[in-house]
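See below for the structure under consideration.
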Amino acid sequence: MMVLSFKPRAFIISLIKLYQVLVSPLMPSSCRFMPTCSTYASLAIDKYGIIKGGFLALIRILKCHPFHPGGYDPLK
Numbered sequence: 022m023m024v025l026s027f028k029p030r031a032f033i034i035s036l037i038k039l040y041q042v043l044v045s046p047l048m049p050s051s052c053r054f055m056p057t058c059s060t061y062a063s064l065a066i067d068k069y070g071i072i073k074g075g076f077l078a079l080i081r082i083l084k085c086h087p088f089h090p091g092g093y094d095p096l097k
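Positions 22 to 97 (our numbering) are the ones given, in order, by the sequence shown.
Next comes the structure, spelled out in structure tokens:
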């Protein structure tokens, strides 16, 4: 008998990928950063887990405003 286990990290990353495929193409390209915030969030959650990775993604999203220059901001 196969037991399915719920993996929250994989689920959150799947939601981000779903956003990238379904929602992001419908919106005008206005990203200030490289990599994009959704890619950054996916990488951060995969590397650091939901709590720390989610916090890093939130900080990155909060930087997205007209007064921040943006640019290359890789995950460390």
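Beta carbons: idealized from backbone N, C-alpha and C, even for Gly.
Residue i versus residue j - alpha carbon distance
{"i": "Ala62", "j": "Leu47", "result": "20 angstroms"}
{"i": "Tyr93", "j": "Phe54", "result": "6 angstroms"}
{"i": "Ala65", "j": "Leu77", "result": "7 angstroms"}
{"i": "Leu79", "j": "Gly91", "result": "15 angstroms"}
{"i": "Ile71", "j": "Ser45", "result": "22 angstroms"}
With 16 other Cβ atoms within 10 Å as the buried cut-off, status of residue i
{"i": "Leu25", "result": "exposed"}
{"i": "Leu39", "result": "exposed"}
{"i": "Ile33", "result": "buried"}
Neighbourhood of residue i by C-beta, 7 angstroms cutoff - its chain only, sequence neighbours within 5 removed
{"i": "Lys68", "result": "Gly74 and Leu96"}
8 angstroms contact criterion, which residue i and residue j should meet: CB distance rounded
{"i": "Cys58", "j": "Arg30", "result": "About 18 angstroms; that fails the 8 angstroms criterion."}
Run of the alpha helix (DSSP H) containing residue i, from where it starts to where it stops
{"i": "Leu64", "result": "Cys58 to Tyr69"}
{"i": "Pro49", "result": "Here Pro49 belongs to no alpha helix (DSSP H), and DSSP marks it neither H nor E."}
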